[in-house]
Each structure stands twice: as C-alpha cells, then as structure tokens.
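Undergrad: Following this message is one structure expressed as structure tokens.
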Amino acid sequence: MRLIYLILIIISSYSYGTAQRFILPSEIINESVTVQVSLPDTYEHSDYFKYPVLVALDGSTQFDHIAASVKFLSTYAIIPEMIVVGVSTPTERIKYYTHTELEAFKNRSGKAGLYTKFLQEELLRKISESYRIASFQVISGHSLSGLYTSYLALSGNSKFNAAISISPSLWWDSAILTDEYGTYQKLKELKPTKWFLSLANEPGEMKSGFDAMLAALNKAPPLNIDWHSAQFPNETHDSTPLIGNAQALKAIFSGWNAVPGIEVMSLKSLQKFYSDKAVEYGYSFPMSVHQFNVYGLKAAYEGKTNWGVEILERGVERFKSSEILWDSLATAYSLENELVKALEASAKALNLAKNNNSLFLSEIIAQNTALKAKLGTK
9 MRLIYLILII ISSYSYGTAQ RFILPSEIIN ESVTVQVSLP DTYEHSDYFK
59 YPVLVALDGS TQFDHIAASV KFLSTYAIIP EMIVVGVSTP TERIKYYTHT
109 ELEAFKNRSG KAGLYTKFLQ EELLRKISES YRIASFQVIS GHSLSGLYTS
159 YLALSGNSKF NAAISISPSL WWDSAILTDE YGTYQKLKEL KPTKWFLSLA
209 NEPGEMKSGF DAMLAALNKA PPLNIDWHSA QFPNETHDST PLIGNAQALK
259 AIFSGWNAVP GIEVMSLKSL QKFYSDKAVE YGYSFPMSVH QFNVYGLKAA
309 YEGKTNWGVE ILERGVERFK SSEILWDSLA TAYSLENELV KALEASAKAL
359 NLAKNNNSLF LSEIIAQNTA LKAKLGTK
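First residue of the sequence shown? That's 9 in the working numbering, and the numbers climb one at a time after it.
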C-alpha cells in the first residue's frame with residue numbers, strides 16, 4: 009500500500025513549469041540584468057494564491073538546478089511551493105557582493121547596500137507587479153554571492169526571511185564579517201530569520217574563514233536567527249551548489265511536512281500545524297495545491313478515507329482549476345465507494361486536463377474510463 013501511495017503521488021503531482029526570461033534595466037546599479045522566473049506548476053490553478061519567492065544569485069549558472077530542487081521538494085510538501093527568480097551575475101561582481109571597500113579594489117568593492125537596494129526596489133518590485141508573490145522571501149548565493157547572503161542574514165539590512173550561503177567567501181577583507189559578528193549578534197531581528205551556510209572540500213582561506221564564523225556563531229548564538237551549517241567533503245567549490253541548495257532548503261524548512269512518516273492528519277489538525285508555523289517563520293503560509301494533494305491522498309490510502317475526502321474537497325474549493333486535485337478527489341471518493349461522486353470529480357478533472365493540455369491527461373483519462381466501466385456508463 010505504501011509503495012502504491014508513493015507512485016500515485018508522483019503520477020498525480022509532478023510536472024515541470026515553464027521558465028520565463030526578460031531583461032531588467034537597472035538605474036540603481038546602472039546595468040541591464042537578465043532575469044529568469046520559474047513558476048510553480050500549480051500557478052494557473054487559481055488566480056489569487058500567492059507564492060513565496062526564492063532569489064537565486066548568479067542565476068545564469070545556478071537558476072536551473074535550484075528551480076528543479078524547489079519543484080521536486082515542494083511536490084512532496086517537504087518545502088513550500090515557490091516562485092524561483094534567477095538574477096544574472098552583475099558585471100562588477102566584487103563591487104556588489106561585498107559590504108566593505110578595500111584599497112586594492114578602490115571604487116570596485118563595498119557596494120552591497122546598493123545591490124540590496126536594486127534587489128528590493130527594482131527586481132522584487134518588478135516581480136510583484138508581474139506575479140502573485142507572498143511576503144516571504146529567500147535568497148541563495150554561492151562563493152562571493154554567498155558572502156553577500158551571509159551579510160544579509162547577519163546584518164538584518166534586508167527584507168529577506170531566509171538566506172542560503174554555499175561556500176561563502178568569508179575570508180574577504182581578513183574575515184571582516186566574522187570580526188563584525190559581535191555587533192550583529194546583539195541586533196534583535198524584527199522578524200525571524202533562517203540561515204544556512206555550507207562548505208565543500210576547500211582548504212586554506214575558505215575553510216579558515218568558514219570555521220571562524222562557525223566558532224563565533226556557536227560561542228554566542230545570534231538573536232532570532234535560526235542557523236544551520238553543513239560540510240560536504242566529497243564536493244568541490246564548483247559542484248557543491250547542487251547538493252548544498254537542496255540541503256539548505258530542507259534545513260530551512262525542517263519539519264515542514266506535517267506527516268513525514270506513516271501517520272496522517274485531519275484537515276483541522278493540518279490547519280493548526282501550519283498556523284503554528286507562523287511563529288517560527290514570521291509568515292502564515294496557507295496550504296497549497298501540493299499540500300492538499302499529498303495529505304489528502306495519503307489519508308485516503310492509509311485508511312482514513314473520510315479525512316482524505318475532507319482535505320481534497322477543501323483543496324478543490326480553494327483551487328477550482330486544479331485537475332490534479334479533482335482527479336485525486338475522484339480517487340478518494342472511489343476508495344469510499346462513492347462512485348457517482350468519483351465520476352463527477354473525474355469528469356471535472358478530465359475537462360480541465362483537456363483545456364490545459366495537462367501532462368496528466370492520460371492518467372486522468374484512465375481513471376475516468378475505469379469509473380465509467382464500474383458504473384456501466386459511457
């Protein structure tokens with residue numbers, strides 16, 4: 009039964025969204041930026057639901073794998089569904105990813121504050137005008153941009169709720185960020201902040217800078233910052249973003265899945281579970297399509313068909329255009345031997361799937377055909 013359930017989740021849930029791309033002229037950093045946007049595959053299932061945003065720096069190389077990790081993990085309700093925004097590397101990378109100016113890089117470093125202004129006032133404003141985004145934002149950086157995201161996490165000088173720093177260049181300016189940590193540690197964040205930092209097999213200044221930061225964090229934990237670290241001895245500086253970002257997302261959203269084992273929850277219990285998460289994250293996350301789908305199907309297949317039906321009925325109430333949820337509701341009704349209701353739900357799923365050219369059209373047709381055969385209808 010367990011294996012069947014997992015296979016059905018894959019069939020019912022997984023698809024690839026379409027990435028969009030545009031050029032954003034920036035007056036703040038005086039250059040044009042290439043922006044890539046990956047929408048959740050459920051984005052068109054409603055016209056009101058707002059999604060958290062994950063900004064992937066150095067997007068030309070990091071966007072694709074981060075977007076894929078977000079889609080895969082959110083399919084199983086391990087993390088929330090998110091809009092992923094890839095931002096191309098600025099022409100003057102050192103200038104905008106560092107918060108202190110070095111004499112050797114006079115006028116070519118120390119403008120992290122200006123880059124933050126670009127992200128918040130131009131990039132995210134444009135994204136909010138074009139897409140339905142929630143007020144929960146994550147940012148990911150690697151190497152020098154990982155130094156920048158570390159600075160954002162500690163300084164509190166941004167609106168980002170969580171930061172990912174993969175192999176951050178903490179050695180910059182004689183490890184100045186670690187030296188400044190004592191000042192940052194005393195700051196009382198106005199919002200809960202999540203931070204993940206990691207290192208690959210990188211001896212020398214990369215490791216010494218990383219170890220110094222960990223020592224400072226362990227000696228005096230920052231106020232209201234929930235931080236996690238990891239080291240990947242089998243990875244290189246260039247290979248580590250792939251595993252690092254996936255692990256970072258799981259760490260930041262540790263405990264996000266309400267029923268990771270064989271247990272199941274009622275709709276009321278699920279609502280309370282995620283309501284309680286608002287304190288931890290500083291944001292109240294409403295349940296998304298994949299959450300309704302995962303928890304509803306799981307309850308139905310684990311013998312709590314009435315719970316499964318209730319969860320999925322609420323899901324189609326919230327997301328009326330989701331062929332995924334209507335098809336799963338048909339499955340739950342069928343398990344309850346409510347075949348007439350199952351066929352009605354299946355018919356809605358089939359109509360939506362045809363209109364939307366759904367990836368799951370063949371599976372939805374198969375269930376619809378099977379239900380008609382059981383009821384002796386055409």
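Ideal Cβ positions, reconstructed from N, Cα and C, are used throughout, including at glycine.
Bridge partners for P200 per DSSP, in chain order?
TA: Translated into positions along the sequence shown, residue 200 becomes position 192. Beta-bridge pairing links P200 to no other residue.
Undergrad: Please report how far the alpha carbon of Q145 lies from the alpha carbon of L65, in whole angstroms.
TA: Within the sequence shown, the letter at position 137 stands for residue 145. Within the sequence shown, the letter at position 57 stands for residue 65. Straight-line Cα distance between these residues: approximately 13 Å.
Undergrad: If we ignore side chains and look at the alpha-carbon of each, how far apart do P33 and S40 end up?
TA: As a first step, residue 33 is located in the sequence shown; it is residue number 25 there, counting from the start. As a first step, residue 40 is located in the sequence shown; it is residue number 32 there, counting from the start. One C-alpha to the other measures close to 4 Å.
Undergrad: Beta-carbon of S342 versus every beta-carbon of chain C: anything under 9 Å?
TA: Protein chain content of the structure displayed is limited to a single chain, and chain C is not contained in it.
Undergrad: Taking the CB atoms as reference points, tell me whether Y303 and V324 lie closer together than 9 Å.
TA: Taking the sequence shown and counting its residues from 1, the one referred to as residue 303 is at position 295. Taking the sequence shown and counting its residues from 1, the one referred to as residue 324 is at position 316. Not closer than 9 Å, so no.
Undergrad: Is there contact here, the stretch 211–230 with the stretch 261–271, by at least three beta-carbon pairs under 8 Å?
TA: Flag = no, the stretch 211–230 and the stretch 261–271 do not touch.
Undergrad: Ignore the nearest five residues each way along the sequence and tell me which others in E100's own chain have a CB closer than 7 Å to its CB.
TA: Along the sequence shown, read from residue 1 onward, the residue named residue 100 stands at position 92. If we look at E100 and ignore the five residues flanking it on each side, its Cβ neighbours are R116.
Undergrad: Would you list the one or two residues that DSSP bridges to L62?
TA: Counting from one through the sequence shown, the residue named residue 62 turns up at place 54. V92 and V146, per the DSSP bridge assignment.
Undergrad: Which residue from Y159, N209 and T339 puts its Cα closest to that of T201?
TA: The count along the sequence shown starts at 1 and reaches residue 201 at position 193. T201 has its Cα closest to that of Y159, out of Y159, N209 and T339.
Undergrad: Hey, out of E310, S277, L178 and G94, whose CA is closest to M295's CA?
TA: The residue you call residue 295 lines up with position 287 of the sequence shown. It is S277.
Undergrad: Write down the C-beta distance between G154 and S177 rounded to the nearest angstrom, noting that I regard them as a contact closer than 8 Å.
TA: For the purposes of this step, residue 154 is taken as the residue at position 146 of the sequence shown. For the purposes of this step, residue 177 is taken as the residue at position 169 of the sequence shown. Yes, they are in contact, since the Cβ atoms of G154 and S177 sit about 7 Å apart, within 8 Å.
Undergrad: CB L347 to CB L379, shorter than 9 Å?
TA: Here residue 347 is taken as the residue at index 339 of the sequence shown, counted from 1. Here residue 379 is taken as the residue at index 371 of the sequence shown, counted from 1. Yes, they are a contact pair.
Undergrad: Residues in its own chain within less than 7 Å of E310 by CB, not counting five upstream and five downstream?
TA: Numbered from its first residue, the sequence shown carries residue 310 at position 302. Taken in chain order, the residues that qualify are I270 and V272.
Undergrad: Is it the case that the stretch 71–83 contacts the stretch 111–126, given that we only count it when at least three CB pairs across the two stretches are under 8 Å?
TA: In short, these stretches do not touch, since the Cβ pair count stays below three.
Undergrad: With C-beta atoms as the reference, is H150 less than 9 Å away from G252?
TA: The count along the sequence shown starts at 1 and reaches residue 150 at position 142. The count along the sequence shown starts at 1 and reaches residue 252 at position 244. Against a cut-off of 9 Å, the Cβ pair of G252 and H150 comes out as a contact.
Undergrad: Which runs of the beta strand (DSSP E) at least 3 residues long sit entirely within the stretch 151–236? Give them in chain order.
TA: The stretch 151–236 contains these whole beta strand (DSSP E) runs: 170–174 and 201–208.
Undergrad: Please list, in chain order, all residues of the same chain as M90 whose beta carbon is under 8 Å from its beta carbon, the five residues on each side excluded.
TA: If you number the sequence shown from 1, residue 90 lands on position 82. Here the set comprises P48, Y59, P60, V61, L62, V78, S82 and V146.
Undergrad: Do Q239 and L207 have their C-beta atoms within less than 9 Å of each other?
TA: Walking along the sequence shown from the start, residue 239 turns up at place 231. Walking along the sequence shown from the start, residue 207 turns up at place 199. Closer than 9 Å, so yes.
Undergrad: Which of the three DSSP states, helix, strand or coil, is assigned to V267?
TA: Indexing the sequence shown from 1 puts residue 267 at position 259. Reduced to three states, the DSSP call for V267 is coil.
Undergrad: Round the Cβ separation of S330 and T50 to the nearest angstrom and send it over; I've been treating them as touching at under 8 Å.
TA: On the sequence shown, position 322 is the one that residue 330 refers to. On the sequence shown, position 42 is the one that residue 50 refers to. Sure, about 7 Å apart at Cβ, within 8 Å.
Undergrad: Assign S21 to one of two classes, buried (16 or more other C-beta atoms within 10 Å of its C-beta) or exposed (fewer than that).
TA: Reading the sequence shown from its first residue, position 13 is the one you call residue 21. Residue placement at S21 cannot be trusted, given a pLDDT of 38 that sits under 50; what the coordinates show is reported in the next sentence. Under this definition S21 is a buried residue.
Undergrad: Suppose the cutoff is 7 Å on Cβ atoms and the five residues either side in sequence are ignored; what does the same chain contact list for A183 look like?
TA: Locating residue 183 in the sequence shown gives position 175, counting from the first residue. Contacts found: G217 and A220.
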